[in-house]
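Trainee: I am attaching a structure below and will ask some questions about it afterwards.
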Amino acid sequence: MSAKPQNAPFGSVLTDLMAIARYRDGAWSDFEILPTGPLEIHPAAHALHYGSACFEGFKAYSRPDGSVQIFRLDRHIARMQQSARLLVLPEPDPVLLESMVKTLIDRVRADVPAAPGALYLRPALFGTMPNIGAAAMPSNEACLVVLASPVWDYFAGGMKPLRILVDDQNMRCAPHLGVVKTGGNYAAAMGPTLAARRSFGVDQVLFCPGGEVQETGAANFILLRPGQLLTRSLDSSFLPGVTRDSLLVLAQDMGYAVEERVFRVPEMLEFARNGEAALSGTAAVLAGVGTLVHDGHEHRVGDGDVGPETRKLRSALVAIQQGEAPDRHGWLTRV
Ligand SMILES: Cc1ncc(COP(=O)(O)O)c(C=O)c1O
Numbered sequence: 112m113s114a115k116p117q118n119a120p121f122g123s124v125l126t127d128l129m130a131i132a133r134y135r136d137g138a139w140s141d142f143e144i145l146p147t148g149p150l151e152i153h154p155a156a157h158a159l160h161y162g163s164a165c166f167e168g169f170k171a172y173s174r175p176d177g178s179v180q181i182f183r184l185d186r187h188i189a190r191m192q193q194s195a196r197l198l199v200l201p202e203p204d205p206v207l208l209e210s211m212v213k214t215l216i217d218r219v220r221a222d223v224p225a226a227p228g229a230l231y232l233r234p235a236l237f238g239t240m241p242n243i244g245a246a247a248m249p250s251n252e253a254c255l256v257v258l259a260s261p262v263w264d265y266f267a268g269g270m271k272p273l274r275i276l277v278d279d280q281n282m283r284c285a286p287h288l289g290v291v292k293t294g295g296n297y298a299a300a301m302g303p304t305l306a307a308r309r310s311f312g313v314d315q316v317l318f319c320p321g322g323e324v325q326e327t328g329a330a331n332f333i334l335l336r337p338g339q340l341l342t343r344s345l346d347s348s349f350l351p352g353v354t355r356d357s358l359l360v361l362a363q364d365m366g367y368a369v370e371e372r373v374f375r376v377p378e379m380l381e382f383a384r385n386g387e388a389a390l391s392g393t394a395a396v397l398a399g400v401g402t403l404v405h406d407g408h409e410h411r412v413g414d415g416d417v418g419p420e421t422r423k424l425r426s427a428l429v430a431i432q433q434g435e436a437p438d439r440h441g442w443l444t445r446v
């Protein structure tokens, strides 16, 4: 890596190496470790026209003994297989993908930042069959790449409470594809999110199609009170976050009553008045919400700052990820 700017925006710095494998004639090739750089891709490639592409994102943490620990690798591989299946792309072989990730981490070990930094891993899978007439035909060729990006302290500037627009008009994406980590879903959320930033000065949009609280453009949504956690129950319409799952397990361990169910905007606003709201995801882990903007009104969440329950749960998860607390659930894979 040429430069290591500690305050570089998340994902903007890549390691010098990447892992790559190709699917052709019904089988995956062995993978190669290559210099990170442009790939040759046919302009008729399926992914460029028909959106046959998906990805994953997870982190690995360095330890003072030189080892690196990957957080919930199996879950992320399983979610990528599900994304591929639902997009009718060749499923990545889990053994191959695990090996690509571990080998790449081993080769770039020196670039894994110390805590609270991490190495963010980004596997991406895309259909490469060159056929512009294949709108209703799956790609029989694909490329699987694993990129790695050193990321530094997400909250270096302090934990600033987020300002969120509650949108009960737009959908983040097609309801049957919410579970899929595919670029089209992010493209679909981009317009409403940029418009909300311009009009309301918010950080993110909380999509609540039909008035049911769902998730934001790139994170799950959680409500907290002392001893109580409420979040939407899983369905096909939104992404089953690995951070969400981990926080729910830890909350249960810590004695919280964990409720997963559908709830609507008025109940959320009422809960948030004396409670806490937070966004969960790999990048930020758990980020507190200070203000919800709905129907032209500003609703302060609790006292408007990042609340104590949010901080407590976040710290509990970060402690496991960074090796300061025991890994009781077997979430870490050593490299
Ligand atoms: C749409 C969406 N929801 C939720 C999440 C959180 O998922 P995870 O906790 O697995 O990172 C992400 C981020 O990866 C996301 O893009």
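So the number in our numbering is just where the residue sits in the sequence shown, counting from 1, plus 111.
Here a beta-carbon is modelled for each residue, glycine too, at the ideal position from N, C-alpha and C.
From L208, S173, Q180, pick the residue whose C-alpha is nearest to that of A189; which is it?
Mentor: Considering only alpha carbons, the answer is L208.
Trainee: Can you give the beta carbon distance from K292 to F166, rounded, assuming they're within the 8 Å contact cut?
Mentor: Rounded, the Cβ-Cβ distance is 6 Å, consistent with contact.
Trainee: Could you tell me if the beta carbon of L215 falls within a distance shorter than 6 Å of some heavy atom in ligand 1?
Mentor: No, since every heavy atom of ligand 1 falls outside the 6 Å radius drawn around the Cβ of L215.
Trainee: Using only alpha-carbon positions, find the residue among S178, I152, A229, S163 that is nearest to T126.
Mentor: With distances taken between Cα atoms, T126 lies closest to A229.
Trainee: Would you kindly work out how many angstroms separate the C-alpha atoms of P249 and C284, rounded to a whole number?
Mentor: Whole-angstrom Cα-Cα distance: 21 Å.
Trainee: Out of curiosity, what's the CA-to-CA distance linking G162 and V257?
Mentor: Between G162 and V257, the C-alpha separation is close to 19 Å.
Trainee: Could you check what DSSP says for M211 in three-state terms: helix, strand or coil?
Mentor: Helix, per DSSP.
Trainee: Could you compute how far the alpha carbon of R384 sits from the alpha carbon of D438?
Mentor: Taking the straight line from one Cα to the other gives about 35 Å.
Trainee: Count the other C-beta atoms from every protein chain shown that fall within 10 angstroms of the C-beta of P70, then say buried if there are 16 or more, exposed otherwise.
Mentor: In the structure as shown, the chain begins at 112 and stops at 446. Residue 70 is therefore absent and cannot be evaluated.
Trainee: Whole alpha helix (DSSP H) runs in the stretch 355-407 with 4 or more residues, listed along the chain?
Mentor: Whole alpha helix (DSSP H) segments, 4+ residues: 376-384.
Trainee: Go ahead and pull the three-state DSSP assignment for V262.
Mentor: Here V262 sits in strand by DSSP.
Trainee: Identify, in the order they occur along the chain, each residue of the same chain with its Cβ nearer than 7 Å to the Cβ of S391, setting aside the five sequence neighbours on each side.
Mentor: For S391, where only same-chain residues beyond five positions count, the Cβ hits under 7 Å are A330, N331, I333, G352, T354, R355, L358, L397.
Trainee: In whole angstroms, give me the CA-to-CA distance for D176 and D264.
Mentor: The straight-line gap from Cα to Cα measures roughly 21 Å.
Trainee: Put M191 into one of helix, strand or coil per three-state DSSP.
Mentor: In this structure, M191 counts as helix in the three-state DSSP scheme.
Trainee: Let me check one thing: in DSSP terms, what residues is E135 bridge-paired to?
Mentor: A small fix is needed here, since residue 135 is Arg in this sequence, not Glu. R135 is bridged to A138.
Trainee: What I want to know is whether the C-beta of L198 ends up closer than 6 Å to one or more non-hydrogen atoms of ligand 1.
Mentor: It does not: the Cβ of L198 is nowhere closer than 6 Å to a heavy atom of ligand 1.
Trainee: Going by CA-CA distance only, name the one from G418, L184, Q315, G312 that's closest to I216.
Mentor: Nearest option by C-alpha distance: L184.
Trainee: Going by DSSP in three states, M301 sits in which element: helix, strand or coil?
Mentor: Helix.
Trainee: Using the three-state DSSP reduction, which class does R343 fall into: helix, strand or coil?
Mentor: Three-state DSSP puts R343 in coil, outside helix and strand.
Trainee: Can you pull the DSSP bridge partners for F121?
Mentor: Answer is none; F121 lacks a bridge partner.
Trainee: Of the choices S123, P201, A226, whose alpha-carbon is the least far from that of N251?
Mentor: Here the closest residue by C-alpha is P201.
Trainee: Using the Cβ count rule (16 or more neighbours within 10 Å means buried), how would you classify D136?
Mentor: When all chains shown are included, D136 counts as exposed.
Trainee: Near T239, which residues of its chain fall below 8 Å by C-beta distance, leaving aside the five closest residues on each side in sequence?
Mentor: Counting only Cβ-Cβ distances below 8 Å, and skipping sequence neighbours, we find R133, I152, H153, A156, H157, A158, S250, E252, A253, C254.
Trainee: State yes or no: is the C-beta of G352 nearer than 6 Å to some heavy atom of ligand 1?
Mentor: It does: the Cβ of G352 is within 6 Å (strictly closer) of some heavy atom of ligand 1.
Trainee: So does the stretch 302-312 actually touch the stretch 358-377, counting three or more Cβ pairs closer than 8 Å?
Mentor: No contact exists between the stretch 302-312 and the stretch 358-377.
Trainee: By the three-class DSSP mapping on this structure, what secondary structure does T421 have?
Mentor: The answer is helix: DSSP assigns T421 an H, G or I state.
Trainee: Under 7 Å, Cβ to Cβ, is there at least one residue of chain D near T293?
Mentor: Absence of chain D from the displayed structure is noted, only one protein chain being present.
Trainee: Determine the direct distance from the alpha carbon of F266 to that of A395, and round the result to whole angstroms.
Mentor: Each residue's alpha carbon lies about 8 Å from the other.
Trainee: Considering only heavy atoms of ligand 1, does any lie closer than 6 Å to the CB of G105?
Mentor: Any property of residue 105 remains undetermined from this structure, which presents the chain solely from 112 to 446.
Trainee: So, under 8 Å CB-CB, D406 and P272 are touching, yes? Tell me the CB distance rounded to an integer number of Å.
Mentor: So it is not a contact: roughly 20 Å between Cβ atoms.
Trainee: So, for D314: in the same chain, excluding its five sequence neighbours on each side, which residues have a beta-carbon less than 6 Å away from its beta-carbon?
Mentor: If we look at D314 and ignore the five residues flanking it on each side, its Cβ neighbours are L273, R274.
Trainee: Can you tell me the Cα-Cα spacing of V324 and A221, whole angstroms?
Mentor: Looking at the two C-alpha atoms, the distance is approximately 42 Å.
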